[in-house]
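Asker:
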Amino acid sequence: MFLGEYSHTIDSKGRLTIPAKFRAELALGMVVTRGLDRCLLVYPLPEWDKLARRINGLPITQRDARTFTRLIYSGAIHCELDRQGRILLPQYLREYAGIDNESVVIGLYARLEIWNPIRWEEVRKKVEEEGDTIAEQLADLGI
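Take -2 as the starting number for the sequence shown in our numbering and just add one per residue.
(1) Could you give the distance in angstroms between the alpha-carbon of S4 and the alpha-carbon of G11?
(2) How is R12 classed by DSSP in three states: helix, strand or coil?
(3) Report the rounded CA-to-CA distance for I84 versus V124, giving the unit in angstroms.
(4) Alpha helix (DSSP H) containing L78: first to last residue?
(5) Measuring CB atoms only, is the stretch 95 to 108 touching the stretch 55 to 70, in the sense that at least three cross pairs come out at less than 8 Å?
(6) Do you know how far the Cα of E110 is from the Cα of F19?
(7) Could you give the uninterrupted runs of the beta strand (DSSP E) lying entirely in the stretch 19 to 99, keeping only those of 3 residues or more?
(8) Going by the CB atoms, is the gap between V28 and L42 shorter than 8 Å?
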C-alpha cells in the first residue's frame, strides 16, 4: 500500500530514489507511464497487469479509448530498482511531466504518482480551494 507525499531529487542521469517504505512492494519491478494530469504513474507489476487487462478490453472502435490506450502504452517502460533504490526515468517521461531535478512522489494506495513540485502544489491548492464541491461530488458517488 502506497501512502504519503515525499520530495526527492532527480540526479544528473535521470534517476529517482524511490522512498524506502515503498521499495519492498516494487522489488519485482514496476511500470512507469504518462498520467492524464501531466504526472507520471508508477504501477507495481501486479497492479499494471490489472490495468492492462482493463485497457485491452476497451473497444478499438471508440476514438477516446484508442487515444487513452496510445497515451498509456506508448509512454510505458518497465523499471527495476537498482541497489540504491533508484529507477531511471527516461528523458521523454521527464519532459512530459516537466520534471527536472526535483520531484514529488505521492502514494495513491495501489500506485504512485511522480510530479513536478510546482504542478503538484497547484493541484493540491486547487483541491483545498474546491473542497466543498469535491465533497459533494464524492457524496454522489457514495463516498
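Ideal Cβ placement from N, Cα and C applies to all residues, glycine included.
Answerer: Answer, in terms of the structure:
(1) Near 15 Å, if we compare the C-alpha coordinates of G11 and S4.
(2) Look at R12 here: in three-state DSSP terms it is strand.
(3) Taking C-alpha positions only, I84 is separated from V124 by approximately 29 Å.
(4) First-last for L78: undefined, no H or E at that position.
(5) These segments do not touch.
(6) Cα to Cα, F19 sits roughly 12 Å from E110.
(7) For the stretch 19 to 99, whole beta strand (DSSP E) runs of length 3 or above, ordered along the chain, are 27 to 31, 37 to 41, 74 to 76 and 83 to 85.
(8) Cβ distance < 8 Å, so L42 and V28 count as in contact.
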